[in-house]
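Data first, discussion second: the structure below is written as structure tokens.
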Amino acid sequence: MVLEQLQLLSAITHIDNELAELQEELGDLPYEVKLLEKEVRMRQQAVDTTQKHIDDILQTRANAKIRAQELLDKEKKLSEQQFNVRNNREFDAITKEVESLKNELRDIDKTIGSTLMTEENLQRVYDGQFEDMDDARMRLADREQELNELSSEHNEEITSLLSRRTDLLAKLPKNIIVQYEHIKEYHNDTTVPVRKNCCAGCFSAVPPQRIVEMRTYKMIFTCESCGRLLYPEEMQTNT
Ligand SMILES: [Zn+2]
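For the sequence shown, the working numbering begins at 291 and goes up steadily by one.
Take a look at the structure:
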């Protein structure tokens, strides 16, 4: 009974080791993909912010142009009125108004000129940011493809290992499964042999008396040092 359980546990551990190896082959790829996704997001935000600034500048210029047209129309009307004034006072009043109009027009010209310069600068910034974002996107696409190819190569193997694992686990009592999964949180090689009187997981010495008891297969022993499940070196394993 215990012998059979230990054999099952050792077989499951073997599967877990294979799964871990497959995972390791993916290496830093999943992490790299995550980092690149973040980079693309941040670069996209920068591009959007610059675009928003450009839109604001264009809006400012459009408003300025509308105001300039209004002023020009008004100026034209005032010039016409100036022909029909009845006295000098009226003439002076209109002259003054035209003067103030012209001042405002000069300011608007300056505003339009400065928006042109700002737009040019922002456009340069935008182009650079867009190029960087595009570059990050392409790097991400490359890495994603690499990860997908590698994952799908492994997928079949992983699926078959997982299904074998489930079958083997089903043959074990619930309490042992719980214990196994608990130890696995700390050690992937959950079940290990005792080699040269030491735990093959952490290399701590196992008392000879325990090894003697272990060989009677009456109960499952754990390493006092690391908590891994132990079995005698000479036990026949299924893998
Ligand atoms: Zn140990």
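From the three backbone atoms N, C-alpha and C, an ideal C-beta is built for every residue, glycine too. As the structure is a computational prediction, the values presented were derived from the model and not from experiment.
Item checked: Within 8 Å, strictly: CB atoms of VAL323 and ARG485 -> No, they are not a contact pair.
Check: How far does the beta strand (DSSP E) with PRO483 in it reach, from first residue to last?
Finding: Boundaries of the beta strand (DSSP E) harbouring PRO483: 481-485, taken from the DSSP string.
Notebook entry, point to check: Is the stretch 415-423 touching the stretch 382-396 in the sense that three or more CB pairs, one from each, lie closer than 8 Å?
Noted result: These segments do not touch.
Checklist line | Meets three-Cβ-pair contact criterion under 8 Å: the stretch 463-473 and the stretch 329-348 | finding: No, the stretch 463-473 does not touch the stretch 329-348.
Checklist line | Sheet register partners of ASP512 (DSSP bridge) | finding: According to the sequence provided, residue 512 is Thr. The question's Asp does not apply to it. THR512 is bridged to LEU519.
Check: So which residues put a beta carbon under 6 Å from any heavy atom of ligand 1, going in chain order?
Finding: Per the Cβ criterion, the list is CYS489, GLY491, CYS492, SER494, CYS513, SER515, CYS516 and ARG518.
Check: Do ASN478 and ALA301 have their C-beta atoms within less than 8 Å of each other?
Finding: At the C-beta level, ASN478 and ALA301 stay beyond 8 Å of one another.
Checklist line | Own chain, CB closer than 8 Å to GLU315, minus 5 neighbours either side, in chain order | finding: So the qualifying residues of the chain are LEU440 and HIS444.
Check: Considering only C-alpha positions, which residue in the set ARG500, LEU395 and GLN371 is nearest to THR512?
Finding: Across the set ARG500, LEU395 and GLN371, the C-alpha of ARG500 shows the shortest separation from the C-alpha of THR512.
Next item on the list: Count the CB pairs spanning the stretch 444-463 and the stretch 503-512 that are closer than 8 Å, and state whether there are at least three.
Entry: As far as the Cβ criterion goes, the stretch 444-463 does not touch the stretch 503-512, which means the pair count is below three.
Next item on the list: Classify ALA495 as helix, strand or coil using the three-state DSSP reduction.
Entry: Strand at ALA495.
Next item on the list: Write down the C-beta distance between THR405 and THR350 rounded to the nearest angstrom, noting that I regard them as a contact closer than 8 Å.
Entry: About 6 Å separates the beta carbons of THR405 and THR350, which is inside the 8 Å limit, making them a contact pair.
Notebook entry, point to check: Hey, is the stretch 293-307 in contact with the stretch 406-421, meaning 3+ C-beta pairs nearer than 8 Å?
Noted result: Contact between the stretch 293-307 and the stretch 406-421 is absent, with fewer than three C-beta pairs closer than 8 Å.
Notebook entry, point to check: Taking just the CA atoms, how far does ASN393 sit from LEU361?
Noted result: Each residue's Cα considered, the two are about 10 Å apart.
Checklist line | Presumed contact (8 Å Cβ cut-off) between ILE448 and LEU519, rounded CB distance | finding: Actually they are not in contact, since the Cβ atoms of ILE448 and LEU519 sit about 24 Å apart, beyond 8 Å.
Check: For GLU514 versus PRO483, is the C-beta spacing smaller than 8 Å?
Finding: Result no, Cβ atoms of GLU514 and PRO483 do not sit closer than 8 Å.
Notebook entry, point to check: Is the distance from the Cβ of LEU430 to the Cβ of GLU327 below 8 Å?
Noted result: Between LEU430 and GLU327, the C-beta spacing is below 8 Å.
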